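These notes concern the structure reproduced below.
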Amino acid sequence: VNPAYIDLESRNGLGWLDGFNEMMVRCGYEWTGHPGLDDNGQLLSLHGRAQNIPSSTVKVIIDDKAPHKITIEGTVSERTFKKAELVTKTSFSITPGENRFTVNDTLTNNADYDDEYQ
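Residue 100 in UniProt numbering is what sits at position 100 of the sequence shown, and the numbering runs on without skipping anything.
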């Protein structure tokens, strides 16, 4: 589901379920778990936002030499002014003819201020 069609706050914060159709599911990095209000009264939707943020960059790499491994790399940034600047870099690799794939994630907190994350 295109993230533009997901309203995380719908159904009292259960909108995350409308996009729950991926091969690999991501929960949020700022918060995760059941929807509810934080100490400031802000609605925290089910499992946060990371799953429904589109990649800012996507790259496909195909090795020149056999067995021609195929790697797809992407970057997702979960940002909130003066709150979070979390960047996830993911690579998904598969080699033709093999019955497995590899996923590597790197989550980096680029914020220059302290905050609590789950």
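Note that the Cβ used here is the ideal one computed from N, Cα and C, for glycine as well. The model shown is predicted, which means the values in this text are computed figures rather than measured ones.
Query	Result
Proximity winner among Leu-17, Asn-21, Gly-97, relative to Leu-66 (alpha-carbon distances)	The amino acid occupying residue 66 in the given sequence is Ala; Leu does not appear at that position. Of the listed residues, the one whose Cα sits closest to Ala-66 is Gly-97.
Residue ranges of each beta strand (DSSP E) within the segment 43 to 114, 3 or longer	57 to 62, 70 to 80, 84 to 94, 101 to 109
DSSP bridge partner residues for Leu-37 (one or two, in chain order)	Leu-43
Phe-92 vs Ile-72 beta-carbon contact at 8 Å	yes
Beta carbon of Ile-53 nearer than 8 Å to that of Val-25	no
6 Å CB neighbourhood of Gln-51 in its chain, flanking five on each side removed	Arg-26
Endpoints, alpha helix (DSSP H) assigned at Arg-26	No alpha helix (DSSP H) holds Arg-26; DSSP gives it neither H nor E.
Start and end residues, alpha helix (DSSP H) containing Gly-13	10 to 13
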